[in-house]
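Q:
There are 2 protein chains.
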Amino acid sequence: MFELTALAKKTDNKKLQFLLLEVDYSELDSLFHPRSIAVIGASAELRGTFMLRILLEGGFEGRLYPVNRHGGEVLGIKAYTSVKDIPGALDYAFIHVPAQASIEIIRDCDAKGVRLATLFTAGFGESEADIGSNLEQELVRTARQSGVRLLGPNCMGIYHPAEHLSFATGLSAKSGPVGALCQSGGNSVHLVRAAIQRGISWSKVISYGNAADLNEADLMEYFAQDPETKVIIAYIEGAREGKRFFRALKAAAQAKPVIVFKGGQSEVGGAAAMCHTGSLSGSKEVWDSLAKQARAIQAYDIDECVDIALALLLVKSPSGRRAAVIGFGGGATVQAADDCSGTGLVLPPLPEEIKRELKKFTRLAGNIFRNPVDMSDIINIPPEMGHAVRVVGNWTGIDLLILHLGVEIGPYSLLDLNVLDALGETLIGAAKEVGKPAAIVAHSICCAEGYQKVFKLQQMCSEGGLPFYPSIRRAASAINKVIEYYETR
Amino acid sequence: MFELTALAKKTDNKKLQFLLLEVDYSELDSLFHPRSIAVIGASAELRGTFMLRILLEGGFEGRLYPVNRHGGEVLGIKAYTSVKDIPGALDYAFIHVPAQASIEIIRDCDAKGVRLATLFTAGFGESEADIGSNLEQELVRTARQSGVRLLGPNCMGIYHPAEHLSFATGLSAKSGPVGALCQSGGNSVHLVRAAIQRGISWSKVISYGNAADLNEADLMEYFAQDPETKVIIAYIEGAREGKRFFRALKAAAQAKPVIVFKGGQSEVGGAAAMCHTGSLSGSKEVWDSLAKQARAIQAYDIDECVDIALALLLVKSPSGRRAAVIGFGGGATVQAADDCSGTGLVLPPLPEEIKRELKKFTRLAGNIFRNPVDMSDIINIPPEMGHAVRVVGNWTGIDLLILHLGVEIGPYSLLDLNVLDALGETLIGAAKEVGKPAAIVAHSICCAEGYQKVFKLQQMCSEGGLPFYPSIRRAASAINKVIEYYETR
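Those sequence lines, one after another, are chains A and D.
Okay, so the first sequence: first residue is 16 according to the working numbering, each after it adds one.
Okay, so the second sequence: first residue is 16 according to the working numbering, each after it adds one.
1. Residues in the same chain with beta-carbon distance under 6 Å from PHE238(A), minus the five sequence neighbours each way, listed in chain order, please.
2. Cβ of VAL38(D) versus every heavy atom of the ligand FMN: is any distance shorter than 7 Å?
3. Tell me which same chain residues have a C-beta within less than 6 Å of the C-beta of GLY479(D), skipping the five on either side of it?
4. Got a sec: is the Cβ-Cβ distance from GLN7(A) to anything in chain D below 8 Å?
5. What do you reckon, are the CB atoms on ILE317(A) and ALA493(A) nearer than 8 Å?
6. State the start and end residues of the unbroken alpha helix (DSSP H) segment that holds VAL404(A).
7. In whole angstroms, what is the alpha-carbon distance linking ILE498(D) and PRO387(D)?
8. Taking 8 Å as the threshold (beta carbon to beta carbon), is GLY279(A) in contact with chain D?
9. DSSP on LEU19(D), reduced to helix/strand/coil?
10. Assess contact between the segment 297–310 of chain D and the segment 181–191 of chain D, defined as three or more Cβ pairs (one per stretch) separated by less than 8 Å. Is contact present?
11. Cα separation between GLU440(A) and MET475(A)?
12. Starting from the beta carbon of GLU282(A), find every residue of chain D whose beta carbon is closer than 7 Å, and list them in chain order.
13. Kindly list, in the order they appear in chain D, the residues whose Cβ is closer than 8 Å to that of HIS111(A).
14. What does the alpha-carbon distance come out to for the pair GLY408(D) and ARG337(D)?
15. Can you tell me which residues form a DSSP beta bridge with ASP389(D)?
16. Which residues in the same chain have their Cβ closer than 7 Å to the Cβ of LEU46(A), if we skip the five residues on either side of it in sequence?
17. Measure the CB-CB distance between VAL38(A) and ASP233(A) and report whether it falls below 8 Å.
18. Is the shortest distance between the beta-carbon of ASN225(A) and the beta-carbons of chain D less than 8 Å?
19. 8 Å is my cut-off, CB to CB: does ASN433(A) come that close to chain D?
20. Just verifying my parser: in three-state terms, what is the DSSP assignment at LYS219(A)?
21. Tell me the DSSP secondary structure of GLU88(D) in three-state form.
22. Taking the straight line between their C-alpha atoms, what separation do you get for ALA352(D) and HIS291(A)?
23. Counting only C-beta atoms, is SER45(A) closer than 8 Å to chain D at any point?
24. Would you mind working out which of GLU448(D), TRP410(D), ILE396(D) and ALA446(D) sits nearest LEU430(D), comparing C-alpha positions?
25. Got a sec: is the Cβ-Cβ distance from HIS506(D) to anything in chain A below 8 Å?
26. Using 8 Å as the Cβ pair cut-off and three pairs as the minimum, do the segment 151–169 of chain D and the segment 117–136 of chain D touch?
27. Report yes or no: do the segment 46–60 of chain A and the segment 84–92 of chain A share at least 3 C-beta pairs separated by less than 8 Å?
28. Going by DSSP, what residues sit across from THR133(D) in a beta bridge?
29. Ordered along the chain, which non-local residues of its own chain (more than five positions away) have a Cβ less than 6 Å from that of VAL273(A)?
30. Across the segment 340–347 of chain A and the segment 197–216 of chain D, are there enough close Cβ pairs to call them in contact, namely three or more that are closer than 8 Å?
31. What's the C-alpha gap between GLY257(A) and ALA490(D)?
32. For the beta strand (DSSP E) containing SER97(A), list its first residue and its last residue.
33. Spatial neighbours of PHE276(D) within its chain, please: C-beta separation below 6 Å, excluding the five flanking residues on both sides.
34. Applying the criterion that 16 or more other CB atoms from any shown protein chain within 10 Å of the CB defines a buried residue, is HIS111(A) buried or exposed?
35. Output the boundary residues of the beta strand (DSSP E) element that contains LYS277(D).
36. Please report the distance separating the alpha-carbon of VAL422(D) from that of GLN467(D).
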């Protein structure tokens, strides 16, 4: 997994003290460390058990209380008919009751001393009917009059691995350097899953939906100050407090890298965002300009958020953009050159002395010795490939390395699938030995075996701390965005 | 698989008679129907058996002769020491001997009456050493003085499923409407494999490498006239006969859709192309302008070639660009809107009467009834999803349908993986019933089970004749390019 040490230096909360931040970090942070949770609206039918199952499976170590107005049991645990009947203190409530019933539940939570409630239920400000907007206004009034802070409605709440607090099945309990605020519940889970798959661990992820109470500005201020979070990802459909959010974004981006993924940038997308989280989306041009001013890194979709976060964990400081690509296959090599050049990376041609070194152990024909370097001849000989990575990687003319394996290229498979595990291990080792930022790119074309092998290589990379990308274009684009980010600071 | 009938109408060879084409179609075509093949340079060691294995596995029904100067046997078949010793006629030779030996082999082939030779061997004009260029010049002189036409050097030759003639293992023996000329051997195999995976079958694919004799202009003229080929894909690194190729491209694009993928568009890519196939690449601007003038459809990479070919088989005639997207998940729906709008597709909002129809069997909350339509509530109920596709699809306000399944979205998986097979079947059936162009988009995020299910859905689509795309962005971009193509004709 990726190291925190180098990144940790970059979070400098002292800088933030001079900026006008409205939220009290410690107060907000204490909300995300609940010792007891009620799942309100839990029921014995499968659909009604989901959050309790997730919390149990995630290994939450505090107290868990299902609440159902008919009582009974959920997953073998006694259900209380009201939060007010729960014995002892209650910190956090996850609520999935029908929208109309939620106001009363918030009042009950207040009476019980609950400090934070996530309202999963939809059908508020995002719905077409006026009743939804009216209900949301009443909800906000109720919450504001009470001591309960609200996430949502229409959201998933909190993924906080250090607390074994999860919002989806199968998520890792390992903490890491990346944090996210995410307006879409589906996207928050998608983002977390896709990132874990690529070796990223999370500090915490907050899904906040319609942002009726806690909104994008509060959460951006929170993450800006959060020492556990070294990189912030924000998925935003619209801003409740535009000016304040922009200030928070600017402040956060001064303290640590911030990746912003704005959903609903098109007119139709904006309309969809209104239906989804009741968000007023704003024009693409305004967002682009604000993100640029704030020095946030913009991403187009979830995949690109993960790509850039990986690149930030790879390129940890200002760096040149001179890359060497080592791979195989003639057409693939030409494509690699176009992919890198198209994104802004520079591929300097190898000098004669490096070529001479390489020619000592490869044949001339079938190898392209410029850069990208086509190693077709020795691709199935891991020790020689390792040697090639060291020879090219140690050349002072380059700043970073991209190692490329297009599985199933060639009349049979030019790359012997049986060699791939050993080759992956060698490449990861050689790249680490070189010590420059390095990424591995691999993809299979068609067969199930190729896919499985690439999947395994991806796992080896994430365990070995080397970023894995499914295409050179995505790797080059993300790495170049990170280099640009450092250049403009 | 995809139907030829509608496309067949578009190939109008009469048009081509008025254009100045230099190749004699029938003469060239006869070269691609060999009845006997020699594999020259075949040997008993694993590497030396590959093409013989491919031809045997592909079920080539003519006569096969390994040739090795030491004689012996290859894969249990007697090897001749020279092509001249082979009894009976010999049509085609696949040559993988060292570059220096190839000139003599071509002379032998001429003496034997061979009409076409594919020179797999590299180390000619693409190599850095002068010896390579000199050798290529001598090779061309030798071939031109003889009766042997040449593919290559540095290429894979012919994939012609109707003749069970293959250039890689595991390729389908089913013929289809798409043909390709491909300057890279690796890319030709990659292209064929990736397309078969998506349900595309091929008329023939010619990998022609350095283009020392038969070149891009010859092959474009050939495919322009080929009645079996309804869609042409061309991967080109550089043109040997630029003006003639442009004329051929223009003529071909008048007769049928031509997708051009130009490798080496960047400066570094161009240098890589020079090392790969000895090609002079030309500037991106010149290529863009020529492709536009010729009304060819440009693709950025192999995946996009396949995406566009599928869209051509889907949208078979001029069509509007008003699409309806039916899927699930709020964030995914917003992204779908941005993806479609970004490429030029139009998503008209559903009118009240269609919404009323949909509301009869779905709940309001959690569904976005604009367009994209978010069917989260009924995603696991195939009959209702089928009904929704019919209701939306039959609306006269749209020209085409995109059905979207983001597997593993949601806190558990919103889409029950056990339902996916039945859901896929229902969606394919409903889309066909509607009768408008329709594509299915599906992707999994992380787990092996999700991947396998999506893989199966892709197979169901390819068998059911519905194009499958791994992302809405790719589907929308390809479909929009095809609509643009029809608009500019």
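Ideal Cβ positions, reconstructed from N, Cα and C, are used throughout, including at glycine.
This structure is a prediction, so every number in the text was calculated from the model and none was measured.
A: With the structure as the only source:
1. The answer, listed in chain order, is GLY194, THR244 and ILE247.
2. Absence of the ligand FMN from the depicted structure is noted, as is the absence of any ligand whatsoever, leaving it without description.
3. Excluding five sequence positions before and after GLY479(D), the CB atoms of its chain that fall closer than 6 Å to its own CB belong to ILE443, given in chain order.
4. No statement about residue 7(A) is possible, as the shown extent of chain A runs from 16 to 504 and does not include it.
5. The criterion of a C-beta distance shorter than 8 Å is not satisfied by ILE317(A) and ALA493(A).
6. In this chain, the alpha helix (DSSP H) harbouring VAL404(A) covers 397–408.
7. Rounded to whole angstroms, ILE498(D) and PRO387(D) show a C-alpha spacing of 20 Å.
8. Judged by the 8 Å Cβ criterion, GLY279(A) is in contact with chain D.
9. With a pLDDT of 35 at LEU19(D), under the threshold of 50, the modelled position of this residue cannot be trusted; read the value that follows with caution. Correct three-state label for LEU19(D): coil.
10. They do not touch, by the three-pair rule.
11. One alpha carbon belongs to GLU440(A), the other to MET475(A), and they sit about 8 Å apart.
12. The contacting residues are SER356.
13. Ordered by position in chain D, no residue passes the 8 Å Cβ test against HIS111(A), which lies about 10 Å from the chain.
14. Distance between the alpha carbons of GLY408(D) and ARG337(D): 11 Å.
15. Per DSSP, GLY342(D).
16. The residues are ARG130, LEU131 and ARG164.
17. Yes, the pair counts as a contact, with Cβ atoms nearer than the cut-off.
18. It does not; no Cβ of chain D falls within 8 Å.
19. By this cut-off, ASN433(A) is not an interface position.
20. Strand at LYS219(A).
21. Strand at GLU88(D).
22. Those two C-alpha atoms are separated by around 12 Å.
23. It does not; no Cβ of chain D falls within 8 Å.
24. Checking every option, the nearest Cα to that of LEU430(D) belongs to ILE396(D).
25. Nothing about residue 506(D) can be reported from this structure: the residues present for chain D run from 16 to 504 only.
26. Enough Cβ pairs lie closer than 8 Å, so yes.
27. Taking a cut-off of 8 Å on C-beta distances, the segment 46–60 of chain A touches the segment 84–92 of chain A, as three or more cross pairs fall below it.
28. Answer by DSSP bridge pairing, in chain order: PHE109(D) and LEU166(D).
29. So the list reads ILE247, ALA267 and ALA311, once near-sequence residues are dropped.
30. Touching, yes.
31. If you take the alpha carbons of GLY257(A) and ALA490(D), they lie about 34 Å apart.
32. For SER97(A), no beta strand (DSSP E) run applies, since DSSP gives it neither H nor E.
33. The beta carbon of PHE276(D) sits closer than 6 Å to the beta carbons of TYR250, ALA314 and CYS320 from its chain, once the five residues preceding and following it are set aside; these are given in chain order.
34. When all chains shown are included, HIS111(A) counts as buried.
35. In the DSSP assignment, LYS277(D) falls within the unbroken beta strand (DSSP E) covering 273–277.
36. Inter-residue distance for VAL422(D) and GLN467(D) is about 11 Å (C-alpha atoms, whole angstroms).
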